[in-house]
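Just below is one structure, and these are the notes that go with it.
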Amino acid sequence: MFDIYARSFLEATRFSSNTRPDPRTQRHLDAQSAKRERHLRLWQRGPYWI
């Protein structure tokens with residue numbers, strides 16, 4: 109759980125206001141982050157019979 113918070117904090121503070129990536133790169137970074145979150149949630153959920 110802490111890993112999720114640490115990763116989102118690092119992603120939020122990776123760029124200063126002057127070095128923001130272009131919108132295409134930002135969309136890619138957001139998609140990668142969402143994909144990791146989705147995979148992590150699937151991995152951490154309980155088995156279907158519980």
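Numbering (this note's numbering), first residue to last: 109 to 158.
Where a beta carbon is used, it is the ideal one built from N, C-alpha and C, also for glycine.
- In the structure shown, the three-state DSSP call for D138 is helix.
- Between E119 and L137, the C-beta spacing is below 8 Å.
- Distance between N126 and P155, taken at the CA atoms: about 46 Å.
- Rounded to the nearest whole angstrom, the C-alpha separation of F117 and R153 is 23 Å.
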